[in-house]
Amino acid sequence: MAQHPPIPTTTSTTPKQEQLLISHVVSEPKTETATVLVIADDKEKEKEKDSELVPEPGLVKEESTILSDLRENQNKALLELKQLIQEALNNHHFSSPSTKEQHYDKKEKQPEPEPARETTKITEEEGDEKEQVKETEVVVEDKEAVTVADLSSIDEDGTKTVEAIQETIISSVQPEQPPPEQKVSDTETKETNKVDEASSTPLAPEQVSIYGVPLLADERSDVILLKFLRARDFKVKEAFTMISNTIQWRKEFKIDELVEENLDSELEKVVYMHGFDKEGHPVCYNIYGEFNSKELYKKTFSDEEKRDKFLRWRIQFLEKSIRKLDFNHGGICTIVQVNDLKNSPGPGKWELRQATKQALQLLQDNYPEFVAKQVFINVPWWYLAVNRMISPFLTQRTKSKFVFAGPSKSAETLLSYIAPEQLPVKYGGLSKDGEFGNTDVVTEVTVKPATKHIVEFPVTEQCLLSWELRVIGWEVSYGAEFVPSSEESYTVIIQKARKVDSSEEPVLLNSFKVGEPGKVVLTIDNSSSKKKKLLYRLKTKPSLSD
Numbered sequence: 001m002a003q004h005p006p007i008p009t010t011t012s013t014t015p016k017q018e019q020l021l022i023s024h025v026v027s028e029p030k031t032e033t034a035t036v037l038v039i040a041d042d043k044e045k046e047k048e049k050d051s052e053l054v055p056e057p058g059l060v061k062e063e064s065t066i067l068s069d070l071r072e073n074q075n076k077a078l079l080e081l082k083q084l085i086q087e088a089l090n091n092h093h094f095s096s097p098s099t100k101e102q103h104y105d106k107k108e109k110q111p112e113p114e115p116a117r118e119t120t121k122i123t124e125e126e127g128d129e130k131e132q133v134k135e136t137e138v139v140v141e142d143k144e145a146v147t148v149a150d151l152s153s154i155d156e157d158g159t160k161t162v163e164a165i166q167e168t169i170i171s172s173v174q175p176e177q178p179p180p181e182q183k184v185s186d187t188e189t190k191e192t193n194k195v196d197e198a199s200s201t202p203l204a205p206e207q208v209s210i211y212g213v214p215l216l217a218d219e220r221s222d223v224i225l226l227k228f229l230r231a232r233d234f235k236v237k238e239a240f241t242m243i244s245n246t247i248q249w250r251k252e253f254k255i256d257e258l259v260e261e262n263l264d265s266e267l268e269k270v271v272y273m274h275g276f277d278k279e280g281h282p283v284c285y286n287i288y289g290e291f292n293s294k295e296l297y298k299k300t301f302s303d304e305e306k307r308d309k310f311l312r313w314r315i316q317f318l319e320k321s322i323r324k325l326d327f328n329h330g331g332i333c334t335i336v337q338v339n340d341l342k343n344s345p346g347p348g349k350w351e352l353r354q355a356t357k358q359a360l361q362l363l364q365d366n367y368p369e370f371v372a373k374q375v376f377i378n379v380p381w382w383y384l385a386v387n388r389m390i391s392p393f394l395t396q397r398t399k400s401k402f403v404f405a406g407p408s409k410s411a412e413t414l415l416s417y418i419a420p421e422q423l424p425v426k427y428g429g430l431s432k433d434g435e436f437g438n439t440d441v442v443t444e445v446t447v448k449p450a451t452k453h454i455v456e457f458p459v460t461e462q463c464l465l466s467w468e469l470r471v472i473g474w475e476v477s478y479g480a481e482f483v484p485s486s487e488e489s490y491t492v493i494i495q496k497a498r499k500v501d502s503s504e505e506p507v508l509l510n511s512f513k514v515g516e517p518g519k520v521v522l523t524i525d526n527s528s529s530k531k532k533k534l535l536y537r538l539k540t541k542p543s544l545s546d
């Protein structure tokens with residue numbers, strides 16, 4: 001027999017007499033259809049609407065990566081940059097041939113003085129005078145043919161003395177091995193041959209990849225080039241210089257080797273990826289409070305070698321995360337960063353500040369426009385001072401994406417960007433290992449001050465009903481019961497009403513085996529003077545017969 005999911009109904013009641021009934025239906029695949037009944041004071045409606053909004057400072061609409069959405073001047077800049085990149089690839093600009101040529105010249109020129117000294121040595125050993133050496137060198141350099149002619153005449157006539165023959169042999173030996181001139185001539189010959197070969201068979205364009213994407217190979221390259229253009233306000237030459245510097249840095253830092261390297265680190269709990277925001281961006285969490293551990297802090301920042309290892313690990317983590325992004329036109333190619341400053345070391349930690357400053361500079365120079373939002377939560381009072389020190393190293397575009405929230409507003413701020421099923425429990429969501437997963441949609445309800453909120457899960461057949469709920473900050477009363485449809489049956493108390501403290505387990509998981517038609521009723525009584533955020537979700541399983 002087919003099983004029908006229950007239709008949960010929620011009701012909020014206030015002591016006011018003027019009431020407004022609002023109902024809406026929420027449906028998701030494989031989730032229960034919920035009808036939500038909210039009874040609120042008509043006169044207070046506008047006030048509550050304004051007070052419930054969470055301010056979103058720094059919220060920036062992300063620029064499109066679809067070429068048809070770009071302005072004319074932006075498309076023109078992209079085309080010009082692509083042409084510069086193509087020319088650079090054709091000329092092997094990114095492999096720095098000019099640098100190799102300079103080193104090559106130095107190697108050829110350095111040995112030049114040595115043979116000159118050897119020549120002088122040989123001449124001195126033979127006992128020739130300085131004037132004779134000079135005359136001989138002139139003869140060697142300017143009249144080499146004459147020397148050869150003299151040698152032939154010696155062979156024919158035999159009238160030369162032994163001294164003359166000896167002198168002629170010495171003078172002929174000197175021009176036969178002038179190391180500098182001979183090497184230079186060989187080099188020139190090689191260079192000429194290289195030019196001839198290059199002119200006859202042109203070199204194929206070099207292949208350069210960045211973030212795992214080959215430049216100009218497909219449409220993904222357009223998205224990457226747009227990042228550099230936006231980082232330089234669509235100034236083509238500056239963007240080209242930036243991408244050239246990035247490619248050079250990646251070679252020097254050996255990024256491709258670093259990605260494959262196994263860095264044994266204890267920093268997985270400091271930086272990690274978890275879930276997605278409401279727009280589909282992957283979310284990266286940076287937990288600075290972990291560095292409050294003296295042991296971890298010492299292992300990470302106590303000397304330059306350890307700080308360098310931390311930097312390499314952080315770059316590796318980011319590079320791996322970026323390579324999972326979608327660089328196709330219209331794809332999600334940015335990350336949301338959540339920076340938790342709770343219990344983080346104070347501004348006196350010089351080593352942490354230096355490492356952070358260095359990392360920020362590298363990321364800004366070589367990973368432009370990869371952050372959709374930077375959300376800072378649990379911000380302490382001293383952070384503003386530290387932020388002033390970091391701020392000069394950030395571009396205006398980067399600073400415009402920052403969002404700050406103190407401890408009391410952190411969960412509410414995160415929930416405005418990230419759905420509860422994607423947000424970790426420690427930050428106000430329901431995402432954790434267990435019966436419910438990230439695909440089980442959560443219903444959010446604001447419970448107003450001095451209000452009792454009721455959620456009903458109607459069931460029409462036997463099943464096992466499970467639900468998960470939390471109230472941010474709790475300090476409210478919670479109770480659950482099953483009310484059968486038959487008047488002859490009795491109400492079953494599932495959870496006796498009690499006040500849930502803020503120090504208790506943040507998420508409650510309950511289940512009830514339903515044996516007859518009826519409804520499960522949850523009651524949230526907020527007797528405080530503050531509004532509360534209620535999160536819940538449910539699922540049913542067929543009840544096996546005994």
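Going by full-length UniProt numbering, the first residue of the sequence shown is number 1, and it counts up by one from there. Glycine included, every Cβ here is placed at the ideal spot set by N, Cα and C. All figures in this text were calculated on a predicted structure; none of them were measured in a lab.
Between the CA atoms of residue j and residue i - distance to the nearest angstrom
| i | j | result |
| --- | --- | --- |
| residue 301 | residue 356 | 11 angstroms |
| residue 76 | residue 83 | 11 angstroms |
| residue 529 | residue 520 | 28 angstroms |
| residue 459 | residue 443 | 18 angstroms |
| residue 541 | residue 327 | 40 angstroms |
| residue 437 | residue 543 | 21 angstroms |
| residue 67 | residue 303 | 47 angstroms |
| residue 453 | residue 468 | 16 angstroms |
| residue 263 | residue 419 | 33 angstroms |
| residue 549 | residue 440 | Absent from the model: residue 549. The displayed extent of the chain is 1 to 546, so no value can be given. |
| residue 498 | residue 478 | 6 angstroms |
| residue 566 | residue 421 | No answer is possible for residue 566: it lies beyond the span of the chain, which begins at 1 and ends at 546. |
| residue 391 | residue 283 | 23 angstroms |
| residue 322 | residue 226 | 16 angstroms |
| residue 336 | residue 291 | 22 angstroms |
| residue 536 | residue 318 | 34 angstroms |
| residue 261 | residue 298 | 23 angstroms |
| residue 476 | residue 345 | 34 angstroms |
| residue 534 | residue 320 | 36 angstroms |
| residue 496 | residue 269 | 38 angstroms |
| residue 93 | residue 430 | 51 angstroms |
| residue 547 | residue 74 | With the chain represented from 1 up to 546, any question about residue 547 goes unanswered, as that position is not in the structure. |
| residue 463 | residue 511 | 10 angstroms |
Range of the contiguous beta strand (DSSP E) that encloses residue i
| i | result |
| --- | --- |
| residue 481 | 476-484 |
| residue 337 | 335-340 |
| residue 511 | 508-514 |
| residue 454 | 451-459 |
| residue 525 | 518-526 |
| residue 419 | Taken as a continuous stretch (DSSP letters only), residue 419 belongs to no beta strand (DSSP E), as it is neither H nor E. |
| residue 372 | 371-377 |
| residue 447 | 443-447 |
| residue 536 | 532-542 |
| residue 217 | Unbroken run through residue 217: none, as it is neither H nor E. |
| residue 489 | Premise fails: residue 489 is in no beta strand (DSSP E) and is neither H nor E. |
| residue 468 | 463-471 |
Distance between beta carbons of residue j and residue i, contact taken as under 8 angstroms
| i | j | result |
| --- | --- | --- |
| residue 209 | residue 203 | With a Cβ gap of about 18 angstroms, residue 209 and residue 203 do not count as contacting. |
| residue 447 | residue 366 | So it is not a contact: roughly 47 angstroms between Cβ atoms. |
| residue 271 | residue 314 | 7 angstroms |
| residue 359 | residue 311 | 6 angstroms |
| residue 374 | residue 402 | 5 angstroms |
| residue 411 | residue 434 | With 8 angstroms as the limit, residue 411 and residue 434 do not qualify as a contact, their Cβ atoms being about 20 angstroms apart. |
| residue 64 | residue 206 | 31 angstroms between Cβ atoms; not a contact. |
| residue 78 | residue 222 | 7 angstroms |
| residue 607 | residue 243 | Nothing about residue 607 can be reported from this structure: the residues present for the chain run from 1 to 546 only. |
| residue 230 | residue 369 | 5 angstroms |
First and last residue of the uninterrupted alpha helix (DSSP H) at residue i
| i | result |
| --- | --- |
| residue 590 | Only positions 1 to 546 of the chain appear in the structure, and residue 590 is not among them; the question remains open. |
| residue 401 | First-last for residue 401: undefined, no H or E at that position. |
| residue 85 | 72-90 |
Closer than 7 angstroms to chain B by CB, residue i
| i | result |
| --- | --- |
| residue 527 | No chain B is present in this structure, which holds just one protein chain. |
The ligand SAH heavy atom lying under 6 angstroms from the CB of residue i
| i | result |
| --- | --- |
| residue 259 | In the structure shown, the ligand SAH is absent, as is every other ligand, since no ligand is present at all. |
Legend entry - Cβ contact check for the segment 83-94 and the segment 236-246: 3 or more pairs under 8 angstroms: yes
Legend entry - Inter-stretch contact (C-beta, 8 angstroms, three-pair minimum) for the segment 336-351 and the segment 369-381: yes
Inset, instruction - Counting only runs of 3+ residues fully inside the segment 220-281, write out the beta strand (DSSP E) ranges in chain order. - result: 271-276
Legend entry - Unbroken stretches of the alpha helix (DSSP H), 4 residues or longer, contained in the segment 294-323: 294-301 and 304-322
Legend entry - At least three beta-carbon pairs within less than 8 angstroms, the segment 504-515 to the segment 382-401: no
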